[in-house]
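Numbering (this note's numbering), first residue to last: 109 to 559.
Next comes the structure, spelled out in structure tokens:
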């Protein structure tokens, strides 16, 4: 029996609207999009233009500085738009889907019979390489690297997060084949990190060629960065790769069927959803058909691709982001409340004892996107240390990023963190600092300095 790693620092934010394990039906999306903005550090170069016909697995764009990394279409159809932002930055490549999917053909083989280079070649050609992310820096893995290890977090503790066990249910063969492919990419171990408090399906518990580690505790216990820190902290010069369970299914299907099949389950969650549940869809789908008839009558809502801590706000006809397995809908919270923070209330959440709600620790809340205050002086309060279960000094790290002190950033643990690891610091921050944006700025600065 492996030792259970217990995470004591952190915070579980209990919200109304967790998805029931019921698979609902929705009309298939007519449009799909791949967004270069989902990939930090990417400089995309287009391979297609408007009116280009594509198949599922056809390359849409590639990385300018690592042209072997392709980003491919999730469906077959026609490219109908390439949306751009400031300075002609590519924001979305939109595909109008055909009624019947047609696929590009890739090598169908058992990964155990292939060499590392052959596995790598198929992942790069198909576009599945983009699911492999590296630490440090939380960017797409460099194909030229040999990672020290690969880590998979098989559970998510973020608010209203999808149940990963349910997402991979019934696909044990594809999951194992995906794991077999991953073992070819490293000379080290493949770590599968599971929730010690849950009864899991055989897809996880009977996985082969992996090291199974058990974790328990409050959020961010499910963050792979926290898990790596507890198992084998990243030092300067180390490179490890991370990937999520549903993405391993995509890799398994590639070798199982020889096609780029990114069909998946996602969770529709949040207090403004009538019946929070799961839906079958395809990566990059428009969320319009899923949200249709599921939203409550309040027109002041916020739709988020991902969870409330790390997700991205999208319009009601926006697209599911590349790495997300949930859609969250919460109130916008743009109403003015006189003496808002000073008024007592059982409906107000606080990690301290500011409100009487601390008397009901298991209560679920209907929280909105209101900041409940303005930006203030950045002062030392000790709040960050209470919610970050890593042996680093988060406040000092953030300040070193603000003054762009490279040496201090290194010494204070910039190699170990990704923006999501400090999302709770942002949530509890009295000064209303955009902590995750600062972490990303610090990481980008380190990449620039090291290049």
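Glycine included, C-beta positions come from ideal geometry on N, C-alpha and C.
Quick caveat, the model's predicted, so the values are computed rather than measured.
Residue 423 has no beta-bridge partner at all, per DSSP. Taking 8 Å as the upper bound for CB-CB distance, residue 198 and residue 144 are in contact here, some 5 Å apart.
Inclusion of residue 204 and residue 184 in the CB contact set at 8 Å is not warranted, their separation being larger than that value. About 23 Å separates the beta carbons of residue 532 and residue 299, which is beyond the 8 Å limit, so they are not a contact pair. The continuous stretches of alpha helix (DSSP H) do not include residue 325, which lies in the beta strand (DSSP E) extending over residues 319 to 325. Residue 395 has no beta-bridge partner at all, per DSSP. Taking 8 Å as the cut-off, the Cβ atoms of residue 258 and residue 348 count as close. Counting along the chain, residue 228 sits inside the alpha helix (DSSP H) bounded by residues 224 to 234.
Scanning 206, 510, 120 for the CA closest to the CA of residue 472 turns up 120. Non-local beta-carbon contacts of residue 294 in its own chain, meaning distances under 8 Å to residues more than five positions away in sequence, involve 254, 255, 256, 257, 258, 349 in chain order. 202 is the residue among 365, 202, 555 whose C-alpha sits nearest the C-alpha of residue 187. Exposed is the label assigned to residue 220, since fewer than 16 other Cβ atoms lie within 10 Å of its Cβ. Under the 10 Å beta carbon count, residue 313 is surrounded by fewer than 16 other beta carbons and is classified as exposed.
Taking 8 Å as the cut-off, the beta carbon of residue 433 is found closer than this to the beta carbon of residue 275. Measuring C-alpha to C-alpha distances from residue 400 to each of 236, 137, 241 identifies 137 as the nearest. Given a length threshold of 4 residues, each whole run of the alpha helix (DSSP H) inside the segment 348 to 413 is given here in chain order: 353 to 365, 396 to 399. Distance check between residue 558 and each of 157, 310, 244 places 244 closest, using alpha-carbon atoms only.
Fewer than three Cβ pairs drawn from the segment 214 to 232 and the segment 322 to 340 lie within less than 8 Å of each other, which leaves the two stretches out of contact.
Judged by DSSP secondary structure, residue 210 falls outside any alpha helix (DSSP H); it is assigned neither H nor E. For residue 550, the CB contacts under 7 Å within the same chain, skipping 5 residues up- and downstream, are 509, 517, 522 in chain order. Per DSSP, residue 491 is one residue of the alpha helix (DSSP H) stretching across 491 to 495. A residue is called buried once 16 or more other Cβ atoms fall within 10 Å of its Cβ, and residue 487, having fewer, is exposed. Listed as beta-bridge partners of residue 142 by DSSP are 201. The three-state secondary structure of residue 171, taken from DSSP, is strand. Residue 141 is not a Cβ neighbour of residue 398, given a cutoff of 8 Å. Sorting 195, 353, 306 by C-alpha distance to the C-alpha of residue 284 places 353 at the top. Look at the beta carbons and you see the segment 329 to 345 not touching the segment 358 to 368: under three pairs across the two are nearer than 8 Å. Exposed is the label assigned to residue 175, since fewer than 16 other Cβ atoms lie within 10 Å of its Cβ. For residue 192, there is no enclosing alpha helix (DSSP H); the residue is found in the beta strand (DSSP E) stretching over 185 to 192. The continuous stretches of alpha helix (DSSP H) do not include residue 436, which lies in the beta strand (DSSP E) extending over residues 434 to 439.
The DSSP assignment places no complete beta strand (DSSP E) segment of no fewer than 3 residues inside the segment 490 to 543.
Residue 178 sits close to residue 167, with the two beta carbons spaced by under 8 Å. Residue pairing by DSSP puts residue 241 in a beta bridge opposite 248, 350.
Counting the other Cβ atoms within 10 Å of the Cβ of residue 458 gives fewer than 16, which makes it exposed. A Cβ-Cβ distance of about 5 Å is found for the pair residue 267 and residue 416, placing them in contact under the 8 Å criterion. Scanning 114, 351, 319 for the CA closest to the CA of residue 240 turns up 351.
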